[in-house]
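Chemist: Per the working numbering, the very first residue in the sequence shown carries number 801; after that it's consecutive. Below is a structure I'd like to ask you about.
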Amino acid sequence: MSKPVKQIHLAAHFPGVNNTTVWSDPEAGSHIEFESFVRLAQTAERAKFDFFFLAEGLRLREQGGEIYDLDVVGRPDTFTVLAALAAVTERLGLAGTINSTFNEPYEVARQFASLDHLSAGRAAWNVVTSWDAFTGENFRRGGFLPQEQRYDRAKTFLDTALELFASWRGDEVVADAASGVFLRDAAAGSFRHQDAHFDITGRFSVPRSPQGKPVILQAGDSDGGREFAAASADAIFSRHGTLEAGQKFYADVKGRLPKYGRTPEQLVVLPAATFVLGDTDADAQERAVVVRRQQVSGQTAIKLLEQLWNADLSGYDPDGPLPEFDPVVGENTIAKGRASVRMHRDPLATAREYRALAEEKNLSIRDLIIQVGGRQTFVGSAATVAERINELVQADASDGFILVPHVTPGGLDEFADTVVPLLQERGVFRADYTGTTLREHLGLDGGPA
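Structural data, given as structure tokens:
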């Protein structure tokens, strides 16, 4: 018996806090003006995408004590932007990253319930944690949670928020003008939650929203993050966009679901994906080289290498060789609040790998950083990219992709106009929305309780 053809899920990411967003490109627009968000969101909706995704950082990044301005610096509040987009879109899901380390469940639940009402059932919450004291300095409590406690608080935070969403059944508001009865249940919204992290009692102020609760997204790749997603998420982001790595990740997270009483269809796996399109595959490959050199200028290459070396390398030529000395190992890092620093768990070993690669291929600092950095996920003509996306989804390397254009707000236009129609012709992507809520777009039931 042949395997059923899967329908592909697509989402659009409005990027920003990374050097892969080429804000200096002549086609790039503002990351603050509302029209930029409108254009990307409406392009995604025109292409019948599942949702628009907006990430959020809680502090400006620094390097050497100065603002790291090779990234886009600053962006409006996530809830404010998504609520405004609800008024200029009709079906597109609206997803935002909101932190569980430095917020409170009541406040976040109230905001998401409100967004779900304003959008008629299109809200999604990417639940994340914070790992560094640098970010924590912005908040009253200061500091941060050790790694082993982050997911414990995140799970408890989410469980608490879900209790708040469930405190309204959905039939309490009758608003009968003739009888003067507004509520049929005087206990509507009542809650009490007490555990090691939260001790709250009261009434939740927002009646049940169209989805009952937002779609829950999760992005952790650690074992704890995968377990959290298997227990609590409707969709999980992934950085594994190739066939072998994607299949391994897909099988791992889907395989964790049964112990939570869930089926594979109840968790959607969505790797982030970048792309460069061309009239031909060769044309796209040439464009991809240009884009990578836009993303990694000489200045950027030095800054990125400093994050591994943990030292000021401003005197080095990006077109020259790697530093002669080894990385400085220590807790006091040159680039505070950057996950890339945390990823270099063994800087000396990584530096040895870099030296060997640079010597083997005669690479300068800039060429090396381009070589070891992330390449575009999809490069080719529209037909080639459409075929590759479908191959990966049908091979269970993913359920779809979150597309990250390198230029905003117009970087999704070409994909929407050329790749999406080809996927629709294959019958693997919707020609139009068939539901109204994001849960319906993603083929989800009510999701984890």
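Each residue gets a CB set at the ideal place from its N, CA and C atoms; glycine is no exception. Remember, it's a predicted structure, so these values are computed and weren't measured experimentally.
Is it right to say residue 933 is buried, meaning 16 or more other beta carbons lie within 10 angstroms of its own, or is it exposed?
Modeler: Classification for residue 933: exposed.
Chemist: Please report how far the alpha carbon of residue 1159 lies from the alpha carbon of residue 874, in whole angstroms.
Modeler: Roughly 38 Å between the two C-alpha positions.
Chemist: Let me check understanding here. Comparing Cα to Cα, which of 838, 1204, 1200, 1180 lies closest to residue 1174?
Modeler: Taking only the C-alpha atoms, the option nearest residue 1174 is 1204.
Chemist: Are the CB atoms of residue 917 and residue 802 nearer to each other than 8 Å?
Modeler: Contact flag unset, no.
Chemist: Is residue 930 helix, strand or coil by DSSP?
Modeler: Correct three-state label for residue 930: coil.
Chemist: Going by the CB atoms, is the gap between residue 937 and residue 897 shorter than 8 Å?
Modeler: In this structure, residue 937 does not lie closer than 8 Å to residue 897 by Cβ.
Chemist: What residues in its chain sit with their C-beta under 7 Å from that of residue 1076, if we drop five residues either side in the sequence?
Modeler: The residues are 1084, 1087, 1088, 1091, 1176, 1179.
Chemist: Taking only the alpha-carbon atoms, compute the straight-line gap between residue 1274 and residue 1097 and give it to the nearest angstrom.
Modeler: Residue 1274 falls outside the range modelled here, since the chain spans only 801 to 1249, and no answer is possible.
Chemist: Taking just the CA atoms, how far does residue 1198 sit from residue 1249?
Modeler: Per-residue confidence for residue 1249 stands at a pLDDT of 46, beneath the threshold of 50, marking its modelled position as unreliable; no derived number is given.
Chemist: Who are the near neighbours of residue 805 in its chain, counting only those whose CB is closer than 8 Å to its CB and skipping five residues on each side?
Modeler: 1194, 1227, 1228, listed in sequence order.
Chemist: What residue from 1045, 1070, 835 has the CA that sits closest to residue 887's CA?
Modeler: Residue 835 is the option with its Cα nearest to residue 887.
Chemist: Kindly identify the DSSP beta-bridge partner or partners of residue 853.
Modeler: Answer is 813, 895.
Chemist: Of all Cβ atoms in chain B, is any one closer than 8 Å to the Cβ of residue 1208?
Modeler: Here chain B cannot be found, since the structure has a single protein chain.
Chemist: Is residue 1247 buried or exposed, if buried means 16 or more other CB atoms sit within 10 Å of its CB?
Modeler: Low confidence applies here, because residue 1247 scores a pLDDT of 48, under 50, leaving its location unreliable and the question unanswered by this model.
Chemist: Closer than 8 Å by C-beta to residue 953: which residues in its own chain qualify, once you throw out the five before and the five after it? Chain order, please.
Modeler: Closer than 8 Å at the Cβ level, and outside the excluded window around residue 953, lie 900, 901, 929, 945, 997.
Chemist: Please classify residue 867: is it buried, with 16 or more other beta-carbons within 10 angstroms of its beta-carbon, or exposed?
Modeler: So residue 867 ends up on the exposed side.
Chemist: Below 8 Å on the Cβ atoms is my guess for residue 1073 versus residue 1046; work out the distance and round it to an integer in Å.
Modeler: With 8 Å as the limit, residue 1073 and residue 1046 do not qualify as a contact, their Cβ atoms being about 10 Å apart.
Chemist: Taking the Cβ atom as the reference point for each residue, do residue 923 and residue 1011 lie within a distance shorter than 8 Å?
Modeler: Taking 8 Å as the Cβ cut-off, residue 923 and residue 1011 qualify as a contacting pair.
Chemist: Quick one: measure Cβ to Cβ for residue 1201 and residue 1017, integer angstroms, because I've assumed they're closer than 8 Å.
Modeler: Incorrect: roughly 14 Å between the Cβ atoms, too far for contact.
Chemist: Since residue 809 contacts residue 853 with CB under 8 Å, what's their CB separation in whole angstroms?
Modeler: Incorrect: roughly 12 Å between the Cβ atoms, too far for contact.
Chemist: Put residue 1102 into one of helix, strand or coil per three-state DSSP.
Modeler: Reduced to three states, the DSSP call for residue 1102 is helix.
Chemist: Our contact map puts residue 961 next to residue 905 with C-beta atoms below 8 Å; I'd like the distance itself, whole angstroms only.
Modeler: The pair is a contact, with the Cβ atoms about 5 Å apart (cut-off 8 Å).
Chemist: To the nearest angstrom, how far is it from the Cα of residue 798 to the Cα of residue 1052?
Modeler: The requested residue 798 is not part of the displayed model; the chain covers only 801 to 1249.
Chemist: Can you find the residues in the same chain that come closer than 7 Å, C-beta to C-beta, to residue 1257, ignoring five residues on each side of it along the sequence?
Modeler: Residue 1257 lies beyond the stretch modelled for the chain, which goes from 801 to 1249, so this question has no answer here.
Chemist: Taking DSSP as the reference, what is the three-state secondary structure of residue 1247?
Modeler: Bear in mind that a pLDDT of 48 at residue 1247, under 50, signals an unreliable position, so the number given afterwards is only what the model happens to contain. In this structure, residue 1247 counts as coil in the three-state DSSP scheme.
Chemist: What is the residue span of the beta strand (DSSP E) that residue 976 lies within?
Modeler: Per DSSP, residue 976 belongs to the beta strand (DSSP E) from 973 to 976.
Chemist: How about residue 1230 and residue 1015: do their beta carbons lie closer than 8 Å?
Modeler: Their beta carbons are not under 8 Å apart, which means residue 1230 does not touch residue 1015 by this criterion.
Chemist: Would you mind working out which of 1119, 1196, 1186 sits nearest residue 1222, comparing C-alpha positions?
Modeler: Ranking 1119, 1196, 1186 by Cα distance to residue 1222 puts 1186 first.
Chemist: Would you kindly work out how many angstroms separate the C-alpha atoms of residue 964 and residue 987, rounded to a whole number?
Modeler: Between residue 964 and residue 987, the C-alpha separation is close to 13 Å.
Chemist: Of all the options 827, 1243, 1004, 979, which has the alpha carbon lying nearest to the alpha carbon of residue 968?
Modeler: The candidate whose alpha carbon is nearest that of residue 968 is 1004.
Chemist: What are the start and end residues of the alpha helix (DSSP H) that includes residue 759?
Modeler: Not covered by the structure: residue 759. The range shown for the chain is 801 to 1249.
Chemist: Looking at the strands, I want to know which residues DSSP matches up with residue 1089.
Modeler: According to DSSP, residue 1089 bridges with nothing at all.
Chemist: In this structure, does DSSP put residue 823 in helix, strand or coil?
Modeler: It is coil, neither helix nor strand.
Chemist: Look at the alpha carbon of residue 1050 and the alpha carbon of residue 955, and state the distance between them as a whole number of angstroms.
Modeler: Rounded to whole angstroms, residue 1050 to residue 955 spans 22 Å at the Cα level.
Chemist: Confirm, please, whether the CB-CB distance from residue 1103 to residue 863 is below 8 Å.
Modeler: A contact, by the Cβ cut-off of 8 Å.
Chemist: To the nearest angstrom, how far is it from the Cα of residue 889 to the Cα of residue 1236?
Modeler: Approximately 12 Å, taken between the alpha carbons.
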